[in-house]
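**Q**
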Amino acid sequence: EDLPLWEASSSSQSNVDPDTCTADELLRYFEENSGGALASGCPGLHLHAAARSNIGRRADQEDRHMVLNLSSSCGLPNVQGKSAFGPSSAGFLGIFDGHSGDAVAETLRQSLHRHLTAEPAFPGNMSAALRGAFAAFDATLIADATSGTSASSVAEASMSADALPEASPSDPGSTALVAVATGCHLHLANLGDCRAVAARRDLWMGADDMREAGGGSGGGDGGGGEGVEDGPWPRGALVEVREAVNPELRGQRGIIIEVRSAARRLYVIRLLRDGALKPIRQSSLRLLSELRAHRLTQDHKPSLESERRRIEDLGGEV
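Residues 1 to 318 in our numbering are what the sequence shown lists, from first letter to last.
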C-alpha cells in the first residue's frame with residue numbers, strides 16, 4: 001500500500017565500497033553516518049529508525065532485521081549502471097521472522113535490498129520493484145533447493161507442485177515485512193504471517209482541559225484518563241504508577257505490554273527506568289497516553305480462508 005507522508009528530508013552521505021559490504025557493515029555504516037536518520041527523498045521530512053530484538057524463550061535467535069539508506073550505502077542504486085534519484089533518497093527497513101532456523105531470515109537480511117535495487121522498476125515504480133524483489137528472492141531460494149536449476153528458469157516455470165522440491169515442516173523459512181520511504185510515500189510489502197501498523201499516541205487531557213472542551217470532568221477520580229473510555233487500556237499505553245506498597249515504584253512510568261485480566265483490569269507493565277516487568281492493577285495506575293494501532297497491510301495467515309485457497313491453488317497445503 002502507498003501511504004503519503006506529511007513532511008520529509010534527506011541527508012547526503014558518501015558511498016562505501018559495494019564489493020566489501022556485508023549486512024553487518026551496512027547496518028554499522030547506517031548507524032555511524034546517519035545517526036538513525038532514514039532517507040526519504042522528500043524535503044523537510046525527518047525520519048528516524050530504531051530496531052530491537054528479543055529472543056524470548058528460544059535457545060537461538062531466528063529473526064533478523066535490516067535498516068539502511070538505499071542510495072547512499074555501498075552504492076546500491078548503481079546496480080546494472082542505474083542510479084537513484086539522488087543521494088540518500090530511499091530508506092529501507094526489513095523485518096524477517098525466521099522459523100526452523102535462521103537460514104532464510106539471514107539470507108533475506110543479506111540480499112533482499114540488493115534484489116530490490118536490481119529490479120528494472122527500481123526506483124521509478126517502487127511497488128512493482130518490491131513485488132519483483134520478493135519474487136526474485138523466492139525464485140533464488142527455490143533454485144538453491146532444486147539441484148541444477150537456475151533461478152531464472154525457476155522464475156519462468158509454471159511453479160506447479162511437481163516442479164518444486166519436496167517440502168518438510170522442518171525446512172527453514174521466514175516471513176518478510178519491508179518498508180521503503182521514498183518520494184514522500186511509504187511503500188509496504190509483506191509475505192507470511194506478519195503485519196505493519198502505524199502507531200499513533202493520543203495524549204489524554206486533564207480534568208481542566210476536559211471541562212474547557214465541554215467534555216465534563218473526565219470521569220473517575222481525576223486519575224488522568226480514568227473514565228474517559230470504557231474497557232481495559234490497550235497494550236502500548238503509557239502509564240504512571242500512582243499507588244504502590246513499595247515507595248520506589250510510585251511515580252515510575254511504564255508501558256503496558258500485556259492485559260493479564262481484562263475483567264480485573266490487571267496489566268503487566270514494563271517499567272521505563274530499568275525494564276522490570278510488574279503486574280499492576282488499573283486502580284494503581286494513571287493513564288498518560290494511549291497508542292492506537294492502525295493496520296497498514298493485509299494479513300496472510302493460513303487460517304484465513306482466502307489465504308488457504310491461495311496456498312492450495314499454488315499446489316501447497318495447510
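C-beta atoms are modelled at their ideal positions from N, C-alpha and C, and glycine is treated no differently.
#1: Helix, strand or coil: which one does DSSP assign to F137?
#2: Can you tell me whether G132 is helix, strand or coil according to DSSP?
#3: Going by DSSP, name the residue or residues bridged to N246.
#4: Starting from H46, follow the alpha helix (DSSP H) in both directions and report where the run begins and ends.
#5: Determine the burial state of T182: buried for a count of at least 16 other Cβ atoms within 10 Å of its Cβ, exposed for fewer.
#6: By the 10 Å Cβ neighbour count, where 16 or more other Cβ atoms means buried, how is L38 classified, buried or exposed?
#7: Return the first residue and the last residue of the beta strand (DSSP E) that R292 is part of.
#8: What's the gap between the Cα of G173 and the Cα of L45?
#9: Whose CA, out of G236, E106 and V318, lies closest to the CA of R200?
#10: Please report how far the alpha carbon of A143 lies from the alpha carbon of A135, in whole angstroms.
#11: DSSP beta-bridge partners for M326?
#12: Would you kindly check if the distance between the Cβ of C184 and the Cβ of S40 is under 8 Å?
#13: If I follow the unbroken beta strand (DSSP E) through I311, where does it start and stop?
#14: To which residues of the same chain is Q252 closer than 8 Å at the C-beta, ignoring the five residues directly before and after it?
#15: Quick one: grab the DSSP three-state call for R273.
**A** This is what the structure holds:
#1: The sequence position of residue 137 within the sequence shown is 137, counting from 1. It is helical.
#2: For this step, residue 132 is matched to residue 132 along the sequence shown. Reduced to three states, the DSSP call for G132 is helix.
#3: Looking up residue 246 in the sequence shown gives position 246. DSSP lists no partner for N246.
#4: Stepping through the sequence shown from its first residue, residue 46 is reached at position 46. Looking at the DSSP string, H46 is not in any alpha helix (DSSP H), and its letter there is neither H nor E.
#5: Locating residue 182 in the sequence shown gives position 182, where the first residue counts as 1. Looking at its Cβ environment, which holds 16 or more other Cβ atoms inside 10 Å, T182 is buried.
#6: On the sequence shown, position 38 is the one that residue 38 refers to. Buried: at least 16 other Cβ atoms inside 10 Å.
#7: In the sequence shown, the residue the question calls residue 292 occupies position 292. Residues L285 to R295.
#8: Walking along the sequence shown from the start, residue 173 turns up at place 173. Walking along the sequence shown from the start, residue 45 turns up at place 45. Going from the Cα of G173 to the Cα of L45 covers about 36 Å.
#9: For the purposes of this step, residue 200 is identified with residue 200 of the sequence shown, where counting begins at 1. Taking each of G236, E106 and V318 in turn and checking the Cα distance to R200, the smallest one comes out for G236.
#10: By 1-based counting over the sequence shown, the position of residue 143 is 143. By 1-based counting over the sequence shown, the position of residue 135 is 135. Cα-Cα distance, rounded: 12 Å.
#11: Because the chain in this structure spans residues 1 to 318, residue 326 falls outside the shown range and cannot be described.
#12: Residue numbering aside, residue 40 sits at position 40 when the sequence shown is read from its first letter. Residue numbering aside, residue 184 sits at position 184 when the sequence shown is read from its first letter. In terms of Cβ geometry, S40 and C184 form a close pair [threshold 8 Å].
#13: The count along the sequence shown starts at 1 and reaches residue 311 at position 311. For I311, no beta strand (DSSP E) run applies; the uninterrupted alpha helix (DSSP H) run containing it begins and ends at E305 to D313, by DSSP.
#14: On the sequence shown, position 252 is the one that residue 252 refers to. Around Q252: E240, V241, L271, L272 and R273.
#15: Here residue 273 is taken as the residue at index 273 of the sequence shown, counted from 1. Three-state DSSP puts R273 in coil, outside helix and strand.
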